[in-house]
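Let me begin by presenting the structure, written as structure tokens, before commenting on it.
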Amino acid sequence: MLVLAVESSCDETAAAIIEDGTTIRSSVVSSHVELHAPFGGVVPEIASRAHLERIQPVIDEALVDAGVLLDAVDVFAATRGPGLVGALIVGVAAAKSLALVYDKPFVGVNHHEGHLFAARLQAPNLAPPFMTLIVSGGHTMIVATDDWGAYRVLGRTVDDAAGEAFDKVARHLGLGYPGGPIIDELAMTGDPKRVQLPRPMLNDGSYDFSFSGLKTAVIRYVAENPEVAMCDVAAGFQAAAVEVLTTKLLRAAHHESMDTVVIGGGVAANSGLRLQVELESEQRGLHCVVPARALCTDNAAMIGAAAAAQYARNGQDSLGLSVAPGLRLG
Ligand code: KG4
Ligand code: ZN
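Sequential numbering of the sequence shown, starting at 1, is according to this note's numbering.
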């Protein structure tokens with residue numbers, strides 16, 4: 001079964017062809033980062049226009065890379081939320097139009113579920129139950145995955161998302177945009193112990209997170225210690241964020257008696273987080289699935305994998321299905 005999936009929830013226009021739910025025949029991602037960089041963040045209007053310009057060429061490239069003709073596609077899928085409304089509309093309209101013209105099913109996918117399915121592309125034999133950490137630019141969640149399609153959100157951020165904190169810290173320190181990859185690289189040459197920062201909500205008994213205070217603590221530290229090396233600030237900040245994320249993920253797995261943990265979302269591309277989750281899982285005898293970096297940041301392959309499973313469970317969606325910018329999981 002061939003799924004053509006489209007992802008356009010934020011600032012990447014992406015298309016992919018997924019075969020039988022777990023094989024990536026092609027995956028094309030066109031990032032708009034260079035368009036938003038001068039503004040230090042995503043400008044929704046610019047994102048919508050860029051999606052409009054890029055959606056057709058990106059879909060064409062995915063088809064050519066996979067060696068697949070449009071009439072061989074069995075299901076057309078797109079992210080329907082959460083995300084920027086104008087951006088989502090472009091991808092959903094494209095997938096619906098193809099479904100209509102080729103008289104094939106359309107499936108609208110939850111972007112969070114896509115991030116979760118990146119792990120299935122990485123490890124096709126992965127089977128629920130497992131505990132998931134979804135960390136992106138807009139969301140931070142601990143999700144108990146009882147089955148494919150059956151999710152319990154145990155905790156989430158009460159203020160900034162983890163990726164948002166990376167981006168805001170980088171912006172305040174004048175390091176550039178997007179902040180996540182920049183801080184990740186800087187942190188590699190820094191000492192994570194030189195700049196001691198708080199671990200917000202680490203031992204509050206919940207699975208919730210707070211990153212706004214950590215961001216403020218970093219900014220204050222630099223204001224009070226202007227001579228500090230930026231690599232040490234980056235390493236200290238990343239160590240604090242990674243410790244809270246990893247600890248709560250593993251704690252949740254323990255409390256729910258789950259022996260597998262999974263990470264997903266753009267911040268799951270972070271070297272420090274990947275290493276820490278792998279190390280601590282191993283120490284506790286847990287199995288962990290850390291998807292390849294390209295599967296963590298926004299892409300359409302993960303949407304195609306989620307769409308294939310959703311279609312098998314629930315069948316097709318109506319062409320009347322609208323975008324859902326505030327869509328939640330579970
Ligand atoms: O999942 P994603 O691509 O888009 C959303 O759904 O939000 O996540 C984007 C976020 C951005 O905040 C970006 O700075 C962060 O993921 N990110 C990283 C890294 N790569 C991307 N954060 C930390 N370390 C990285 N290597
Ligand atoms: Zn995302």
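Quick reminder that beta carbons are idealized off the backbone N, C-alpha and C, glycines included.
Remember, predicted model here, so these are calculated numbers, not experimental data.
Item to check | Which of helix, strand or coil DSSP assigns to E282 | outcome: What you label residue 282 is simply residue 282 of the sequence shown in a count that begins at 1. Looking at E282 - three-state DSSP - the assignment turns out to be helix.
Checklist entry - Residues in its own chain within less than 6 angstroms of S210 by CB, not counting five upstream and five downstream? => result Taking the first residue of the sequence shown as position 1, residue 210 is located at position 210. So the list reads V158, D159, P200, M201, once near-sequence residues are dropped.
Item to check | Distance CB(V169)-CB(K104) smaller than 8 angstroms | outcome: Position 169 of the sequence shown, counting from 1, holds the residue named residue 169. Position 104 of the sequence shown, counting from 1, holds the residue named residue 104. The Cβ atoms of V169 and K104 lie no closer than 8 angstroms to each other.
Item to check | Start and end residues, alpha helix (DSSP H) containing E224 | outcome: On the sequence shown, position 224 is the one that residue 224 refers to. Counting along the chain, the alpha helix (DSSP H) containing E224 begins and ends at 212-224.
Item to check | Proximity below 8 angstroms, CB of V267 to CB of F166 | outcome: Mapped onto the sequence shown, residue 267 falls at position 267. Mapped onto the sequence shown, residue 166 falls at position 166. At the C-beta level, V267 and F166 come within 8 angstroms of one another.
Next on the checklist: Tell me which residue opens and which closes the alpha helix (DSSP H) that N314 is part of.
Outcome noted: Position 314 of the sequence shown, counted from the start, is the residue given in the question as residue 314. Per DSSP, N314 belongs to the alpha helix (DSSP H) from 301-314.
Item to check | the segment 64-78 in contact with the segment 87-99 per 3-pair CB rule at 8 angstroms | outcome: Segment contact: the segment 64-78 against the segment 87-99, three or more CB-CB distances shorter than 8 angstroms; contact assigned.
Next on the checklist: Just to check my reading of the structure: T79 and H51 have Cβ atoms closer than 8 angstroms, yes? What is that Cβ distance to the nearest angstrom?
Outcome noted: Mapped onto the sequence shown, residue 79 falls at position 79. Mapped onto the sequence shown, residue 51 falls at position 51. T79 to H51, Cβ: 11 angstroms. No contact.
Checklist entry - Counting pairs of beta carbons, one from the segment 59-70 and one from the segment 24-33, are three or more of them closer than 8 angstroms? => result In this structure the segment 59-70 touches the segment 24-33; the number of beta carbon pairs closer than 8 angstroms is three or more.
Checklist entry - For C288, is the beta carbon positioned less than 7 angstroms from some heavy atom of the ligand KG4? => result Position 288 of the sequence shown, counted from the first residue, corresponds to residue 288. No, the ligand KG4 has no heavy atom inside 7 angstroms of this Cβ.
Item to check | Residues bridged to H287 (per DSSP) | outcome: One-based indexing of the sequence shown puts residue 287 at position 287. Paired residues: T260.
Checklist entry - Any heavy atom of the ligand ZN closer than 7 angstroms to the Cβ of D167? => result Position 167 of the sequence shown, counted from the first residue, corresponds to residue 167. Answer for D167: no, Cβ out of range of the ligand ZN.
Checklist entry - Below 8 angstroms, can you find three or more Cβ-Cβ pairs linking the segment 263-283 to the segment 293-303? => result As far as the Cβ criterion goes, the segment 263-283 touches the segment 293-303, which means the pair count is three or higher.
Checklist entry - Between D259 and the rest of its own chain, which residues show a CB-CB distance below 7 angstroms, the 5 nearest in sequence each way excluded? => result Taking the sequence shown and counting its residues from 1, one reaches residue 259 at position 259. Closer than 7 angstroms at the Cβ level, and outside the excluded window around D259, lie L286, H287.
Item to check | Endpoints, the alpha helix (DSSP H) within which A324 is located | outcome: On the sequence shown, residue 324 is found 324 positions in, with the first residue counted as 1. First-last for A324: undefined, no H or E at that position.
Item to check | Proximal residues to P178 (C-beta, below 6 angstroms), its chain only, five neighbours per side dropped | outcome: Here residue 178 refers to the residue found at position 178 of the sequence shown. Same-chain partners within the cutoff: D167.
Next on the checklist: Output needed for R54: all residues of its chain with C-beta closer than 7 angstroms, excluding positions within five of it in sequence on either side, in chain order.
Outcome noted: The count along the sequence shown starts at 1 and reaches residue 54 at position 54. These residues qualify, in order along the chain: T13, S30.
Item to check | Distance cut-off 7 angstroms: H115 Cβ against heavy atoms of the ligand ZN | outcome: Stepping through the sequence shown from its first residue, residue 115 is reached at position 115. Short note on H115: C-beta closer than 7 angstroms to some heavy atom of the ligand ZN.
Checklist entry - Taking C-beta to C-beta, are Y151 and G330 nearer than 8 angstroms? => result Numbered from its first residue, the sequence shown carries residue 151 at position 151. Numbered from its first residue, the sequence shown carries residue 330 at position 330. With respect to G330, Y151 sits close: the two C-beta atoms are nearer than 8 angstroms.
Item to check | Bridge-paired residues (DSSP) for Y177 | outcome: As a first step, residue 177 is located in the sequence shown; it is residue number 177 there, counting from the start. Bridge partners of Y177 according to DSSP: none are assigned.
Next on the checklist: In chain order, what are the residue ranges of uninterrupted beta strand (DSSP E) at least 3 long that sit wholly in the segment 48-103?
Outcome noted: Counting whole runs of 3 or more residues, the segment 48-103 contains the beta strand (DSSP E) stretches 75-81.
Checklist entry - Below 8 angstroms, can you find three or more Cβ-Cβ pairs linking the segment 182-196 to the segment 231-247? => result Using a C-beta cut-off of 8 angstroms, the segment 182-196 makes contact with the segment 231-247, since at least three inter-stretch Cβ pairs fall below that distance.
Item to check | Bridge-paired residues (DSSP) for R2 | outcome: Indexing the sequence shown from 1 puts residue 2 at position 2. The sequence as given places Leu at residue 2; Arg does not occur at that position. DSSP output for L2 lists E19 as bridge partner(s).
Checklist entry - The beta strand (DSSP E) with D147 in it runs from where to where? => result Here residue 147 refers to the residue found at position 147 of the sequence shown. Note, D147: beta strand (DSSP E), 140-147.
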